[in-house]
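Letter by letter, the sequence shown follows residues 0 to 131 in numbering that gives the first Met the number 0.
Even glycine gets a Cβ: it sits at the ideal position worked out from N, Cα and C.
First comes the structure, then the notes that go with it.
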Amino acid sequence: MTDSEREARIYHMVERFYELGDQDPVLAPVFAAIPDRPGHFRIVADFWSHALYGTGRYQGSPFPVHMRIDFPFEAFERWLVAFEQAVSEVLTPMEAEIALQRARHMTQSFKVGLFPFQTADGTPSRHLQRRS
């Protein structure tokens with residue numbers, strides 16, 4: 000398999016993931032707010048190219064970018080379901096396994112980082128709630 004075939008497959012996986020997300024009632028509004036989807040897809044493909052193959056094409060940090068996005072806590076599990084489907088449909092089994100391990104780790108890290116507090120009823124929250 001050539002590098003260009005591998006990169007095309009990763010880009011196709013990203014497209015498939017967003018296609019699935021666009022069909023999800025929780026993810027669709029978040030995805031619809033992305034202003035430059037082709038540019039965003041390239042960035043996400045660069046991230047996964049680097050994550051899977053160490054290409055060095057992605058040099059940023061995804062966490063600070065996601066801190067600026069307003070999305071509900073339940074979006075994490077929906078994101079992971081869509082991602083699992085996309086990678087299983089498009090990537091090789093080895094690539095899919097590595098991508099899923101990284102995605103599951105990212106999901107847990109982002110949950111803790113973006114929703115560090117809990118409301119009185121235990122619901123994850125981005126904001127500290129004063130208790131009466």
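Contact between residue 41 and residue 48 is ruled out by a C-beta separation of about 10 angstroms, above the 8 angstroms threshold. Apart from sequence neighbours up to five positions away, the residues of its chain that approach residue 8 with a beta-carbon distance below 7 angstroms are 89 and 90, ordered along the chain. Beta-bridge annotation (DSSP): residue 123 is paired with 117. Runs of the alpha helix (DSSP H) spanning 4 or more residues and lying entirely within the segment 0–71 occur at 2–21, 26–31, 36–52 and 61–66, in chain order. Here residue 91 carries a coil assignment [DSSP, helix/strand/coil]. In the three-state reduction of the DSSP assignment, residue 76 falls in the helix class, which pools H, G and I. By the Cβ rule, the segment 106–115 counts as touching the segment 55–75, because three or more pairs are nearer than 8 angstroms. Here the segment 77–87 makes contact with the segment 15–28; the two share three or more CB pairs at distances below 8 angstroms. Contact between residue 44 and residue 10 holds: their C-beta atoms lie close to 4 angstroms from each other, under 8 angstroms.
By the CB criterion at 7 angstroms, residue 114 and residue 103 fall outside the cutoff.
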